[in-house]
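Reviewing the structure listed below.
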Amino acid sequence: MKQKKIPLRTCVVSGEQFPKRDLLRIVKTKEGEIKVDETGKMNGRGAYIKKDLGILEQAKKKNSLGRKLECEIPDSIYEEIEKILKK
Numbered sequence: 362m363k364q365k366k367i368p369l370r371t372c373v374v375s376g377e378q379f380p381k382r383d384l385l386r387i388v389k390t391k392e393g394e395i396k397v398d399e400t401g402k403m404n405g406r407g408a409y410i411k412k413d414l415g416i417l418e419q420a421k422k423k424n425s426l427g428r429k430l431e432c433e434i435p436d437s438i439y440e441e442i443e444k445i446l447k448k
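Residue 362 is where the sequence shown starts when you use this note's numbering, and the numbers rise one by one after that.
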């Protein structure tokens with residue numbers, strides 16, 4: 362029996378590859394809005410970060426998400442990510 366392929370994605374902060382379900386996707390839509398995509402299926406340019414509060418802090422300091430998505434990330438998005446990670 363053939364095994365199902367597990368999609369891997371790279372964390373924009375640490376540079377490590379993880380299974381897609383272990384990462385959180387942040388999306389920049391065509392309208393320029395930044396949204397947190399928990400389903401992983403939203404349209405737009407995506408950046409992945411590991412579901413870890415330490416990684417989130419590094420993303421804020423280094424502005425990794427802002428550079429990857431080529432825009433300014435509002436603090437409200439970081440707060441929303443933090444709430445999701447604390448679940």
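Where a beta carbon is used, it is the ideal one built from N, C-alpha and C, also for glycine.
Cutoff 8 Å; reference residue i; Cβ partners in own chain excluding five residues on either side
i, result
"glycine 416", "Just to set this straight, residue 416 is isoleucine in the shown sequence, not glycine. For isoleucine 416, where only same-chain residues beyond five positions count, the Cβ hits under 8 Å are Cys372, Val374, Ser375 and Ile410."
Where residue i falls, given that 16 or more other Cβ within 10 Å makes a residue buried
i, result
"arginine 370", "buried"
"arginine 406", "exposed"
"isoleucine 367", "exposed"
"arginine 386", "buried"
"lysine 429", "buried"
Distance between residue j and residue i (C-alpha atoms, nearest Å)
i, j, result
"isoleucine 434", "glutamate 418", "13 Å"
"cysteine 432", "methionine 362", "45 Å"
"glutamine 364", "phenylalanine 379", "18 Å"
Rounded Cβ spacing between residue i and residue j (contact assumed at less than 8 Å)
i, j, result
"leucine 446", "leucine 426", "The pair is not a contact, with the Cβ atoms about 14 Å apart (cut-off 8 Å)."
"valine 397", "glutamate 443", "Rounded, the Cβ-Cβ distance is 10 Å, inconsistent with contact."
"lysine 402", "isoleucine 395", "Actually they do not touch by this definition, with Cβ atoms about 17 Å apart."
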